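Heads up, the sequence shown is in the UniProt record's numbering, so the first residue is 1 and it goes up one at a time. Accompanying notes for the structure given below.
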Amino acid sequence: MRVESFYYKDILALIPKLAELRIKVFRDYPYLYEGSLDYEKNYLKIYTSSTQSVIVAAFDGDELVGAATAIPLRDEADYIQKPFLDAGIDVTEIYYFGESVLLKEYRGQGIGHKFFEGRESAALKFGFHTTCFCAVERPAGHPMMPADYSPLDEFWKKRGYAKHNELRSEFSWPDIGEIEETLKPMIYWMKQC
């Protein structure tokens, strides 16, 4: 296993495999994402257009088994910036963590910690002292929630992140088995580095 950081244009070679990985991992609860490769490849191009983007990638041999992305919040989509702007928070001061995806068989080996360490290191390298990410909030008792589901809140808290219920976005994607996209609430977590 190796974990390595890729910046800006070096990210381009990872996009096809990361697109596949996102679809596979986000298909599980709580995201239940019915993804498409065309959408994914287009969405991920944002990381090749920002000079301060990073992908922290985990490999087993040459196989990409996990990845975590980050980019300055000012370079993200309007709907991601909106709750911060509405709250009067300067988006130019924040480094935004996008997805963190890891195949099930590689979880529990410390790779998630390396993903955070790599993105926090990139934030500091680029002069950011505030990091954030968001996570979907599914209703209690969701019919597709597995009996053994354990949210990652405690893991994030141990990494120093605080949940900010006042910072909310709505992201839209089709759930498994659906064609139409529906809005899902996304709650932000923040940390001072």
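No residue lacks a Cβ here, since even glycine has one placed at the ideal position from N, Cα and C. In this text the structure is predicted, and so the values were computed from the model without any measurement.
- Straight-line spacing of the CA atoms in Asp78 and Met144 works out to 30 Å.
- Rounded to the nearest whole angstrom, the C-alpha separation of Tyr7 and Ala58 is 14 Å.
- Ranked by Cα distance from Met1, the first of Glu40, Val91 and Arg107 is Arg107.
- When only Cα atoms are considered, Thr48 and Asp153 end up about 30 Å apart.
- It is roughly 10 Å from the alpha-carbon of Asp90 to the alpha-carbon of Gln81.
- Pairing Leu12 with Leu103 gives a Cβ-Cβ distance that is not under 9 Å.
- Contact fails between the region 135 to 150 and the region 93 to 102, because fewer than three Cβ pairs, one in each stretch, are under 8 Å apart.
- With a threshold of 16 other beta carbon atoms within 10 Å, Ala147 falls short and is exposed.
- Taking a 10 Å sphere around the C-beta of Leu18, we find 16 or more other C-beta atoms and assign the residue as buried.
- Sequence-distant partners of Val65 (beyond 5 residues in either direction) whose C-beta falls short of 6 Å from its own C-beta, in its chain, are Ala58, Leu103 and Tyr106.
- Per DSSP, the continuous alpha helix (DSSP H) segment holding Arg119 begins and ends at Ile111 to Lys125.
- As computed with DSSP, Glu105 is found in no beta bridge at all.
- Rounded to whole angstroms, the separation of the alpha carbons of Asp38 and Glu181 is 16 Å.
- Counting C-beta atoms within 10 angstroms of its own C-beta, Tyr149 has fewer than 16 neighbours from the protein chains shown and is therefore classed as exposed.
- Relative to Tyr29, the option among Thr130, Tyr188 and Ile176 whose CA is nearest is Ile176.
- Leaving aside the five residues that flank Pro83 on each side, the residues in its chain whose CB is nearer than 7 Å to its CB run, in chain order, Leu167, Arg168, Ser169 and Tyr188.
- Shortest Cα-Cα distance from Lys191 to any of Phe171, Cys132 and Ser172 involves Cys132.
- In the DSSP annotation of this structure, the continuous segment of the beta strand (DSSP E) that includes Val65 starts and ends at Glu63 to Pro72.
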